[in-house]
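Peer 1: Protein chains in written order, with our numbering: chain A, 1 to 201; chain B, 202 to 425.
C-beta: ideal position from N, C-alpha, C; glycine also.
Bear in mind the structure is a predicted one, so any value in this text is a computation, not a measurement.
#1: Can you tell me which of the three DSSP states residue 403(B) falls into?
#2: Do we get a CB-CB distance below 7 Å when we pair residue 169(A) with the residues of chain B?
#3: Can you tell me where the alpha helix (DSSP H) holding residue 56(A) begins and where it ends?
#4: Under 7 Å between C-beta atoms, does residue 155(A) make it to chain B?
#5: Excluding sequence positions up to five away, which residues of its chain have a Cβ less than 6 Å from the Cβ of residue 69(A)?
#6: For chain B, check one thing: does any of its Cβ atoms lie closer than 7 Å to the Cβ of residue 126(A)?
#7: Leaving out five residues before and five after residue 11(A) in sequence, what residues of the same chain have Cβ atoms less than 7 Å from its Cβ?
#8: For residue 406(B) and residue 412(B), I'd like the C-alpha separation in whole angstroms.
#9: Quick one: grab the DSSP three-state call for residue 152(A).
#10: Going by beta-carbon coordinates alone, are residue 177(A) and residue 252(B) separated by less than 7 Å?
#11: Touch check for the segment 169 to 186 of chain A and the segment 136 to 149 of chain A: three-plus C-beta pairs under 8 Å?
#12: Would a check of beta-carbon distances place residue 141(A) closer than 7 Å to chain B?
#13: Can you tell me the Cα-Cα spacing of residue 164(A) and residue 152(A), whole angstroms?
#14: Nearest to residue 401(B) by alpha carbon, out of 205(B), 328(B), 283(B) and 217(B)?
#15: The alpha helix (DSSP H) that contains residue 212(B), what's its start and end?
#16: What does residue 241(B) touch in chain A if you count any residue whose Cβ is under 9 Å from its own?
#17: What did DSSP end up calling residue 257(B) once you bin it into helix, strand or coil?
#18: Check this for me: beta carbons of residue 21(A) and residue 264(B), under 7 Å apart or not?
#19: Restricting to Cα atoms, I'd like to know which of 196(A), 26(A) and 80(A) is closest to residue 55(A).
#20: Does residue 262(B) have its Cβ less than 7 Å from a Cβ in chain A?
#21: Give me the subset of the segment 209 to 223 of chain B whose CB atoms are less than 8 Å from a CB atom of chain A, sorted by chain position.
#22: Show which residues of chain B have a CB atom less than 7 Å away from the CB atom of residue 18(A).
#23: Within its chain, find whatever has a CB closer than 7 Å to the CB of residue 57(A); leave out the 5 residues flanking it on each side and keep chain order.
#24: Flag residue 55(A) as yes if its beta-carbon sits less than 7 Å from any beta-carbon of chain B, otherwise no.
#25: Judging by CA-CA distance, which residue of 180(A), 116(A), 48(A) and 1(A) is the nearest neighbour of residue 135(A)?
#26: Does DSSP put residue 159(A) in a helix, in a strand, or in coil?
#27: Do we get a CB-CB distance below 7 Å when we pair residue 9(A) with the residues of chain B?
#28: Once DSSP output is grouped into helix, strand and coil, what is the label at residue 236(B)?
#29: Can you round the beta-carbon distance between residue 76(A) and residue 52(A) to whole angstroms, since I take them to be within the 8 Å contact cut?
#30: When you compare the CB positions of residue 16(A) and residue 71(A), do they come within less than 7 Å of one another, or not?
#31: Less than 7 Å separating the beta-carbons of residue 292(B) and residue 398(B)?
#32: So, are the CB atoms of residue 13(A) and residue 61(A) less than 7 Å apart?
#33: Taking the alpha helix (DSSP H) that residue 17(A) falls in, what are its first and last residues?
#34: Along chain A, which residues have their Cβ under 7 Å away from the Cβ of residue 249(B)?
#35: Go through its chain and collect everything with a Cβ distance to residue 36(A)'s Cβ below 6 Å, but skip five positions before and after it.
#36: Going by alpha carbons, who is nearest to residue 48(A) out of 219(B), 215(B), 261(B) and 205(B)?
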């Protein structure tokens, strides 16, 4: 039987350790994804995830359930990421792998029929999005991440970021508009590069 | 509507009420600029899906789940078991002495109507007392077990939280208190048991002496 987050939180608060383990199993991936996309480095993201769950465990008795458990976890994670960035005095990084390893690519294949060319294109697109996102102002980046990758509602984002609903919509619109221009520019540059390569050959 | 494009966001994410959606749809019918804007926003959302997060091993090591509590008798300290065994031995000794005092008289008085003493202790009473003592110990231990379980469950979970000495110290203090309480309770039970047995022995002796005095017999009884 699958228990809801609320049930597991109640059990974990009463000292049932396995209930907390189940909550972690359920939420580790999304929390890691949020930390990774915010910080841009795997080791940092791992540290933040570890610390976020530790804080959640210690603060479980203080969690009154006004917000969803997941929203509470996201908030803890974002605060930790913010502290991390401030402490390290740096902007989010984008890890760009050197070269393309065909074995790694094969592991990333989402569909068996996906060709190597499609895989490479998808990987390049992933890097381009990561770079474009890293250049956005923090509040726009956070709003887009919470909406696009975690499916939060406008209201949930507003509550989490302590800002009005209209502000969330504005940040989303402005962030998406900037991303669109940057990605279009990149596509245009790639197209001209391909044309130049084709003409020279 | 072209001047407040943030309103399009609700439409793009399908997070607007029916009236607002109707309003936007009506506007899009006549505004090619906003139609292009909607299309571009949807395209960039599609591009965002390409951003992959690398696969990773589980980060959080599951907290150890407390094992099921051992049966109550396994949690009794050795000294308490030894004390309980002594108590049982003494009660057996008292029972044996009683039997040795009674049995010969039972033989000698054969054929004479038995005049049972008013407060004679029977084997059933002894068994009853024994059962009562065991129940008393079991109940006390069960109560202690529950408290131990309440304190020790979160403690097991905090094995990984070694970096938080304050929590750990509080936890150790809690366990220490429970352990002390458990010892104190056991001592109480054993003291109470000894008192019960002393009282029972005294009653037995009085009964036997009363019977001996009543019959004037010198058959093997307990000396005062």
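Peer 2: The short version:
#1: On the second chain, residue 403(B) is found 202 positions in, with the first residue counted as 1. Under the three-state reduction of DSSP, residue 403(B) is assigned to helix.
#2: Position 169 of the first chain holds residue 169(A). Yes, contact with chain B.
#3: Here the question's residue 56(A) lines up with position 56 in the first chain. Where residue 56(A) is concerned, the enclosing alpha helix (DSSP H) stretches over 42 to 59.
#4: Against the first chain, residue 155(A) aligns to sequence position 155. For residue 155(A), the answer is no, since every Cβ of chain B falls outside 7 Å of its Cβ.
#5: Mapped onto the first chain, residue 69(A) falls at position 69. Once the five neighbours on either side are set aside, the close Cβ partners of residue 69(A) are 5 and 9.
#6: Locating residue 126(A) in the first chain gives position 126, where the first residue counts as 1. Residue 126(A) counts as touching chain B.
#7: Counted from its first residue, the first chain places residue 11(A) at position 11. Hits under 7 Å: 19.
#8: Mapped onto the second chain, residue 406(B) falls at position 205. Mapped onto the second chain, residue 412(B) falls at position 211. Whole-angstrom Cα-Cα distance: 10 Å.
#9: Numbered from 1 along the first chain, position 152 holds the residue referred to as residue 152(A). Collapsing the DSSP output to three states places residue 152(A) in coil.
#10: One-based indexing of the first chain puts residue 177(A) at position 177. One-based indexing of the second chain puts residue 252(B) at position 51. No; because the gap between Cβ atoms is not below 7 Å, this pair is not in contact.
#11: Segments in contact, yes.
#12: In the first chain, counting from the first residue as 1, residue 141(A) sits at position 141. It does not: the Cβ of residue 141(A) has no partner Cβ on chain B nearer than 7 Å.
#13: Here the question's residue 164(A) lines up with position 164 in the first chain. Here the question's residue 152(A) lines up with position 152 in the first chain. Roughly 15 Å separates the two Cα atoms.
#14: Residue 401(B) sits at position 200 when you count from the first residue of the second chain. Among 205(B), 328(B), 283(B) and 217(B), the Cα nearest to that of residue 401(B) is on 328(B).
#15: For the purposes of this step, residue 212(B) is taken as the residue at position 11 of the second chain. Bounds of the alpha helix (DSSP H) holding residue 212(B) are 207 to 213.
#16: Position 40 of the second chain holds residue 241(B). What residue 241(B) touches in chain A: 176, 177, 180 and 184.
#17: By one-based count along the second chain, residue 257(B) stands at place 56. Residue 257(B) sits in coil when the DSSP states are folded into three classes, being neither helix nor strand.
#18: The count along the first chain starts at 1 and reaches residue 21(A) at position 21. The count along the second chain starts at 1 and reaches residue 264(B) at position 63. A contact, by the Cβ cut-off of 7 Å.
#19: Residue 55(A) sits at position 55 when you count from the first residue of the first chain. Minimum Cα distance to residue 55(A) is reached at 80(A).
#20: Locating residue 262(B) in the second chain gives position 61, where the first residue counts as 1. The beta-carbon of residue 262(B) is placed no less than 7 Å from the nearest beta-carbon of chain A.
#21: Within the segment 209 to 223 of chain B, those residues whose Cβ lies closer than 8 Å to any Cβ of chain A are, in chain order, 209, 210, 211, 214 and 216.
#22: Locating residue 18(A) in the first chain gives position 18, counting from the first residue. Residues of chain B whose Cβ lies closer than 7 Å to the Cβ of residue 18(A) are, in chain order, 266.
#23: Working through the first chain from its first residue, we reach residue 57(A) at position 57. Answer for residue 57(A): 20, listed in chain order.
#24: Position 55 of the first chain, counting from 1, holds the residue named residue 55(A). For residue 55(A), not one C-beta of chain B is nearer than 7 Å to its own C-beta.
#25: As a first step, residue 135(A) must be located in the first chain, where it is residue number 135. Of 180(A), 116(A), 48(A) and 1(A), the residue nearest in Cα terms is 180(A).
#26: Your numbering for residue 159(A) matches position 159 in the first chain. Looking at residue 159(A) - three-state DSSP - the assignment turns out to be helix.
#27: Here residue 9(A) is taken as the residue at index 9 of the first chain, counted from 1. No, because no Cβ of chain B sits closer than 7 Å to the Cβ of residue 9(A).
#28: Along the second chain, one-based indexing puts residue 236(B) at 35. Looking at residue 236(B) - three-state DSSP - the assignment turns out to be helix.
#29: Looking up residue 76(A) in the first chain gives position 76. Looking up residue 52(A) in the first chain gives position 52. Yes, they are in contact, since the Cβ atoms of residue 76(A) and residue 52(A) sit about 5 Å apart, within 8 Å.
#30: In the first chain, the residue the question calls residue 16(A) occupies position 16. In the first chain, the residue the question calls residue 71(A) occupies position 71. No.
#31: Within the second chain, numbered from 1, the residue matching residue 292(B) stands at position 91. Within the second chain, numbered from 1, the residue matching residue 398(B) stands at position 197. Against a cut-off of 7 Å, the Cβ pair of residue 398(B) and residue 292(B) comes out as a contact.
#32: Counting from 1 along the first chain, the entry for residue 13(A) is found at position 13. Counting from 1 along the first chain, the entry for residue 61(A) is found at position 61. Yes. Within cutoff.
#33: Stepping through the first chain from its first residue, residue 17(A) is reached at position 17. Residue 17(A) -> alpha helix (DSSP H) spans 17 to 39.
#34: As a working mapping, residue 249(B) is identified with position 48 in the second chain. Neighbours of residue 249(B) across chain A, judged by C-beta separation under 7 Å: 129 and 148.
#35: Numbered from 1 along the first chain, position 36 holds the residue referred to as residue 36(A). Residues 45 of the same chain have their beta carbon placed closer than 6 Å to that of residue 36(A), with the five preceding and five following residues left out of the count.
#36: Sequence index remark: in the first chain, residue 48(A) carries index 48 (1-based). Nearest of 219(B), 215(B), 261(B) and 205(B) to residue 48(A), Cα basis: 261(B).
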